[in-house]
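Enquirer: Start counting at 1 in the sequence shown, then tack on 43, and there's your number in my numbering. I have a structure here, written as structure tokens, and I will follow up with some questions on it.
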Amino acid sequence: MELLDKLNWRYAAKAMNGENVSEEKIDRIIEAARLAPTSSGLQPFEIIVVKNQAIKEAIRPVSWNQSMITDCSHLLVFAAWDTYTEERINKMFDLTNEVRGFKNEGWENYRQMLLSNYPQKDAEENFNHAAKQAYIAFSAAIIAAAFEGVDTTPIEGFDPAAVDKILGLREKGLKSCVLLPIGYRDTEKDWLVNLPKVRKSTEDLVTVVE
Ligand SMILES: Cc1cc2nc3c(=O)[nH]c(=O)nc-3n(C[C@H](O)[C@H](O)[C@H](O)COP(=O)(O)O)c2cc1C
């Protein structure tokens with residue numbers, strides 16, 4: 044199947060059947076998220092993979108009681124940095140130097156530019172910027188799952204503060220921003236499964252400037 048066939052096949056599953064997704068597939072889906080591009084390469088987020096059924100049960104009531112939370116195989120919680128700190132920025136720049144094995148003046152100047160800008164900003168503004176980066180990885184995971192023939196439901200319908208509490212995220216300087224149950228669609232129970240995909244036309248989406 045071509046990628047576009049798979050993207051047409053995927054949809055936001057409204058019911059999942061509890062079937063387990065293999066760890067190999069989950070690993071490849073997470074790897075796609077890890078490889079996603081981010082602003083300045085900072086990857087300012089973490090991904091919590093919830094396999095524990097009791098934790099899923101605790102998250103469901105604070106997620107509009109959406110059944111996919113408990114009927115999925117793995118629940119991914121995308122949690123962004125609560126702010127940008129010098130330590131966090133330096134860690135990623137140091138990693139780049141370590142992996143590439145050299146220091147580059149331009150890169151070091153860029154580091155100083157970020158250090159003199161980001162940590163001083165309002166934490167909420169920084170979190171919002173970090174959350175945008177998390178969404179890029181989230182999107183990569185959705186596409187990778189479709190590629191694997193695995194269903195997902197992107198979920199913003201939840202109480203982030205409650206999920207943060209259940210997972211102890213604030214103590215780690217993280218705030219949840221979006222959830223992704225991964226599993227298999229329940230074709231009997233899902234009202235959406237056979238309905239056509241609705242998207243605006245390319246003409247309405249795209250303006251070409253020649
Ligand atoms: C960021 C985001 C948050 C969403 N939150 C929810 C949600 O809480 N519950 C739900 O059932 N669907 C949710 N959706 C699914 C969208 O409604 C769905 O992706 C959209 O209608 C397009 O349909 P499709 O994904 O089935 O092609 C969300 C989608 C995105 C991208």
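Yeah, the Cβ is synthetic: ideal placement off N, Cα and C, and Gly gets one too.
1. Can you list, in chain order, every residue whose CB sits closer than 6 angstroms to a heavy atom of ligand 1?
2. For Arg-71, which residues of its own chain have a beta-carbon under 7 angstroms away from its beta-carbon, when the five flanking residues on both sides are left out?
3. Return yes when the Cβ of Glu-66 is within less than 7 angstroms of the Cβ of Leu-25, no when it is not.
4. Ordered along the chain, which non-local residues of its own chain (more than five positions away) have a Cβ less than 6 angstroms from that of Gly-61?
5. Should Trp-124 go down as buried or exposed, given a rule of 16 or more other Cβ atoms within 10 Å for buried?
6. For the putative contact between Val-221 and Phe-181, defined by C-beta atoms under 8 angstroms, what is the C-beta separation to the nearest angstrom?
7. Identify, in the order they occur along the chain, each residue of the same chain with its Cβ nearer than 6 angstroms to the Cβ of Ala-205, setting aside the five sequence neighbours on each side.
8. What residue from Lys-240, Leu-235, Ile-225 and Lys-232 has the CA that sits closest to Lys-94's CA?
9. Locate the alpha helix (DSSP H) running through Val-206, then write down its first and last residues.
10. Within a Cβ cutoff of 8 angstroms, which residues of the same chain sit near Gln-96, ignoring the five residues on either side of it in sequence?
11. According to DSSP, is Phe-136 helix, strand or coil?
12. Tell me the rounded alpha-carbon separation between Arg-213 and Thr-126.
13. On the DSSP bridge list, what partners appear for Leu-91?
14. Please list the terminal residues of the continuous alpha helix (DSSP H) segment that includes Gly-149.
15. Please look up how many angstroms separate the CB atoms of Ile-198 and Gln-109, rounded, as I've assumed it's under 8 angstroms.
Expert: Here's the rundown:
1. This criterion selects Tyr-54, Ala-55, Lys-57, Gln-109, Thr-196, Pro-197, Ile-198, Glu-199, Gly-200, Val-221 and Lys-240.
2. Hits under 7 angstroms: Ala-187 and Glu-191.
3. A query on residue 25 cannot be resolved here, the shown segment of the chain reaching from 44 to 253 and no further.
4. For Gly-61, the CB contacts under 6 angstroms within the same chain, skipping 5 residues up- and downstream, are Asp-114 in chain order.
5. It counts as buried.
6. Sure, about 5 angstroms apart at Cβ, within 8 angstroms.
7. Excluding residues up to 5 positions away in sequence, Val-105 lie with their Cβ nearer than 6 angstroms to the Cβ of Ala-205 in the same chain.
8. Residue Ile-225 is the option with its Cα nearest to Lys-94.
9. Unbroken alpha helix (DSSP H) run through Val-206: 203-210.
10. Closer than 8 angstroms at Cβ, skipping near neighbours: Thr-113.
11. Helix.
12. For Arg-213 and Thr-126, the distance between alpha carbons rounds to 11 angstroms.
13. Just to set this straight, residue 91 is Ile in the shown sequence, not Leu. Answer is Val-120, bridged to Ile-91.
14. Per DSSP, the unbroken alpha helix (DSSP H) holding Gly-149 starts and ends at 148-160.
15. Right, their Cβ atoms sit about 6 angstroms apart.
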